[in-house]
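Trainee:
In this note's numbering, the protein residues as written are 4 to 201.
(1) Would you grab the beta carbon distance between residue 27 and residue 199 for me? Rounded to a whole angstrom, and I think it's under 8 Å.
(2) Helix, strand or coil for residue 65? Go by DSSP, reduced to three states.
(3) Flag this pair as touching only if the stretch 83-90 and the stretch 56-67 have three or more C-beta atom pairs under 8 Å; answer yes or no.
(4) Can you tell me the Cα-Cα spacing of residue 55 and residue 137, whole angstroms?
(5) Of the residues 153, 61, 171, 132, which one's Cα is nearest the Cα of residue 118?
(6) In chain order, which alpha helix (DSSP H) runs of at least 4 residues are fully inside the stretch 64-118?
(7) Do residue 178 and residue 70 have their CB atoms nearer than 8 Å?
(8) Mind pulling the alpha helix (DSSP H) runs of 4 or more residues that sit fully within the stretch 149-198?
(9) Report all residues from its chain with a CB closer than 8 Å to the CB of residue 160; omit the five preceding and five following residues, and keep chain order.
(10) Apply the 10 Å Cβ neighbour rule to residue 15 and answer buried if 16 or more other Cβ atoms are within range, or exposed otherwise.
(11) I'd like to know whether the C-beta atoms of residue 75 and residue 110 end up nearer to each other than 8 Å.
(12) Within a Cβ cutoff of 8 Å, which residues of the same chain sit near residue 29, ignoring the five residues on either side of it in sequence?
(13) How far does the beta strand (DSSP E) with residue 47 in it reach, from first residue to last?
(14) What are the partner residues of residue 31, as DSSP defines its beta bridges?
(15) Just to confirm, is the Cβ distance from residue 130 to residue 105 under 8 Å?
(16) Mind checking residue 172: buried by the 16 CB within 10 Å criterion, or exposed?
(17) In whole angstroms, what separates the C-alpha of residue 95 from that of residue 140?
(18) Going by other Cβ atoms of all chains shown within 10 Å of its Cβ, with 16 needed for buried, is residue 51 buried or exposed?
(19) State the beta-bridge partners of residue 123 as determined by DSSP.
(20) Where does residue 134 fall in DSSP's three states?
(21) Hey, would you say residue 122 sits closer than 8 Å to residue 57, going by beta carbons?
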C-alpha cells in the first residue's frame with residue numbers, strides 16, 4: 004500500500020509478523036521472498052539473521068519508492084543456530100534441547116528504501132522450565148510448531164513452558180517493534196506515528 008509516496012512491502016508471509024505490523028496501523032502489502040535461509044557456513048547468530056533478512060528484502064525489491072522490510076528469526080543455544088523444525092521428530096529434538104535451559108532469540112531486520120540499506124538485530128533471552136515427556140507429547144500432537152523457530156511460539160501453547168523473558172517480547176514473536184520503529188525513522192527521516200497519521 005502507498006502512503007506519502009512510500010509503498011511498504013513486507014518480505015514475509017508470516018502470520019505473526021503481519022499481525023504485529025498491522026497492530027501499528029501501518030498499511031503494507033506482503034510479498035513472498037525467494038530466499039532459501041540455507042547458510043550452513045554462517046556460524047554467528049547475528050551474522051546469520053542479518054544476512055537472511057538482507058537477502059529476503061533484496062529478493063522482493065522492485066523500485067526506489069518501495070520500503071522493503073525483511074526479517075529473520077532464529078533460536079540460539081549452546082553455540083548452535085536452531086531454525087524451524089523439518090518434522091515432528093525434529094520438533095521433539097529441539098524442544099528437548101530447550102527444556103530447562105536459557106536460550107537466545109535473534110531477529111535480524113533489514114529495511115531498504117531509496118537505495119539505502121539499513122540492517123540491525125534484536126536479541127532476547129528466554130528461560131524454559133523443564134518440560135515433562137507427557138507435556139512434550141501433548142504439545143507435539145496438538146500444537147502448530149513446524150513454521151516456528153525452535154519449534155515454539157511464545158504467544159501460543161508453549162507459553163506454559165516459559166519461566167521468564169529478558170528483552171523484547173515481540174522479538175520472540177518474530178518482529179521486534181521497538182527496533183523497527185527506530186530503523187523506520189532513521190531510513191525515512193519520519194517518525195512511525197507521523198507516517199501513520201498522514
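Heads up, the beta-carbon is just placed ideally off N, CA and C, and yes, glycines get one too. Since we're looking at a predicted model, the values are computed, not measured.
Mentor: Concretely, from the data shown:
(1) 7 Å
(2) coil
(3) no
(4) 36 Å
(5) 61
(6) 91-101
(7) no
(8) 172-176, 180-191
(9) 142, 145, 146
(10) buried
(11) yes
(12) 11, 195, 198, 199
(13) That residue, residue 47, is in no beta strand (DSSP E); it is neither H nor E in DSSP.
(14) DSSP output for residue 31 lists no bridge partner at all.
(15) yes
(16) exposed
(17) 8 Å
(18) buried
(19) 112
(20) coil
(21) yes
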